[in-house]
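*Asks:* One structure, pasted below without further comment.
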Amino acid sequence: ILGGYEAKPHLKPYMASLQLDGQHICGGFLIAKQWVLSAAHCTEETDGKMFQVLLGAHSLTEPEPHKRLYRVRAQIPHPGSNIHNNKDDLLLLQLEEEAELNAHVQVLPVQREDRDVAPDTVCEVAGWGTINHSGRRPDKLYQLERPVLSRDVCNHRTRHDHTITEKMMCTDSRRKDTCKGDSGGPLVCNGVAEGVVTAGSRVCGNYKKPAIYTRIAPYAAWIDGVIAAGDG
Ligand SMILES: NCc1cccc(Nc2n[nH]c3ncnc(Nc4cccc(O)c4)c23)c1
Numbered sequence: 007i008l009g010g011y012e013a014k015p016h017l018k019p020y021m022a023s024l025q026l027d028g029q030h031i032c033g034g035f036l037i038a039k040q041w042v043l044s045a046a047h048c049t050e051e052t053d054g055k056m057f058q059v060l061l062g063a064h065s066l067t068e069p070e071p072h073k074r075l076y077r078v079r080a081q082i083p084h085p086g087s088n089i090h091n092n093k094d095d096l097l098l099l100q101l102e103e104e105a106e107l108n109a110h111v112q113v114l115p116v117q118r119e120d121r122d123v124a125p126d127t128v129c130e131v132a133g134w135g136t137i138n139h140s141g142r143r144p145d146k147l148y149q150l151e152r153p154v155l156s157r158d159v160c161n162h163r164t165r166h167d168h169t170i171t172e173k174m175m176c177t178d179s180r181r182k183d184t185c186k187g188d189s190g191g192p193l194v195c196n197g198v199a200e201g202v203v204t205a206g207s208r209v210c211g212n213y214k215k216p217a218i219y220t221r222i223a224p225y226a227a228w229i230d231g232v233i234a235a236g237d238g
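Per our numbering: the sequence shown = residues 7 to 238.
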């Protein structure tokens with residue numbers, strides 16, 4: 007998160023850190039007791055290794071009550087996701103067991119009504135992604151409030167040049183923006199997850215490249231189908 011600030015500890019109890027060998031790779035969030043939603047692109051540099059999911063954390067390294075690392079039983083990228091574009095950039099992770107819910111571990115409701123969030127709505131995004139252009143990685147969770155940018159502005163040829171589909175949304179990226187390691191985290195508007203951070207052009211903090219999110223509502227049926235099948 008560039009230009010943001012340290013979150014108040016454990017006020018975002020749905021936040022997940024997707025880790026490999028103890029290192030934070032991507033964000034994610036708890037959408038059901040045994041399921042975390044993140045971004046499919048997060049599996050690009052994992053060469054087949056399974057993530058572990060850290061729940062209940064504020065600091066990535068310090069001991070904290072209710073902080074727990076979960077093994078993952080299954081990682082299910084959306085079938086339409088691919089390395090060439092940002093389409094369908096969603097990843098469902100089934101935990102080895104149901105997460106123990108408590109003050110620091112809670113499920114975040116997701117938007118199921120497929121209607122655009124009004125431009126200028128102020129939403130919030132959080133993550134353990136880099137906090138400066140040199141790639142400094144924070145130990146604590148950071149957050150940022152950002153206004154939603156209309157798809158028309160985001161699709162302008164000097165911005166994302168008509169690559170933003172109706173299944174994506176944007177927020178202003180002037181100085182304050184998502185960055186490396188924030189992918190997979192939720193964009194929360196009025197207490198509901200409306201989007202999932204996608205890296206897009208990977209540029210951070212440049213107003214010409216607004217932050218891009220995969221909208222969740224268009225994928226509600228896919229998410230429900232995977233969870234129903236996975237819960238057997
Ligand atoms: N703002 C959109 C966004 C959301 C999520 C991730 C991203 N960026 C990145 N995702 N993956 C990356 N691998 C290497 N470098 C990256 N960006 C980077 C790193 C240092 C300085 C800088 O100005 C930009 C990214 C960008």
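Even for Gly, the Cβ is constructed at its ideal location relative to N, Cα and C.
#1: Could you say if the segment 218–230 and the segment 134–153 meet the contact criterion of at least three C-beta pairs nearer than 8 Å?
#2: Quick check: what's the CA-CA separation for A45 versus D94?
#3: With a threshold of 7 Å, establish whether the CB of D178 neighbours any heavy atom of ligand 1.
#4: Under 8 Å between C-beta atoms, does H90 make it to chain B?
#5: Could you tell me which whole alpha helix (DSSP H) segments of length 4 or greater appear in the segment 35–77?
#6: What are the boundary residues of the beta strand (DSSP E) that includes R221?
#7: So what does DSSP say about R118, is it helix, strand or coil?
#8: For D120, collect the residues of the same chain with a Cβ closer than 6 Å to its Cβ; drop the 5 residues on either side in sequence, then sort them by chain order.
#9: Under 8 Å by Cβ, that's how I've got A22 and L8 pegged, so tell me the actual separation to the nearest angstrom.
#10: So what's R79 in DSSP terms, helix, strand or just coil?
#11: Give me, in chain order, the residues of the same chain whose beta-carbon lies closer than 7 Å to that of C32; leave out the 5 immediate sequence neighbours on both sides.
#12: Please check the pair P115 and V154, which I expect to be a contact at CB under 8 Å, by giving their CB distance rounded to whole angstroms.
#13: Could I get the ranges of all uninterrupted beta strand (DSSP E) runs contained in the segment 89–161, with 3 residues as the minimum, in chain order?
#14: With a 10 Å radius around its C-beta and 16 neighbouring C-beta atoms as the bar for buried, classify Q29 as buried or exposed.
#15: Mind checking whether the beta-carbon of G34 lies closer than 7 Å to any heavy atom of ligand 1?
#16: For G236 and L101, what's the separation of their Cα atoms in angstroms?
#17: Let me make sure I understand the geometry here. Which of V123, Y11, F57 has the alpha-carbon closest to that of M174?
#18: Could you please give the first and the last residue of the uninterrupted beta strand (DSSP E) stretch that includes G201?
#19: Any chance the segment 131–146 sits against the segment 54–68, with 3 or more Cβ pairs inside 8 Å?
#20: By Cβ distance below 6 Å, which residues in the same chain neighbour A217 in space, the five residues on each side in sequence not counted?
*Replies:* From the atom records:
#1: no
#2: Approximately 9 Å between the Cα atoms of the pair.
#3: Incorrect: D178 has no Cβ contact closer than 7 Å to ligand 1.
#4: In the structure shown, chain B cannot be found, because there is only a single protein chain.
#5: none
#6: 217–221
#7: coil
#8: A223, P224
#9: Between L8 and A22 the Cβ distance is about 21 Å, and since that is not below 8 Å, they are no contact.
#10: In this structure, R79 counts as strand in the three-state DSSP scheme.
#11: The residues are L24, S44, A45, C48, G187, S189, G190.
#12: The distance from the Cβ of P115 to that of V154 is about 18 Å, inconsistent with a contact at the 8 Å cut-off.
#13: With a minimum length of 3 residues, the continuous beta strand (DSSP E) runs that stay inside the segment 89–161 are 97–101, 128–133, 148–155.
#14: exposed
#15: no
#16: 11 Å
#17: V123
#18: 198–204
#19: yes
#20: T177, S179, D183, T184
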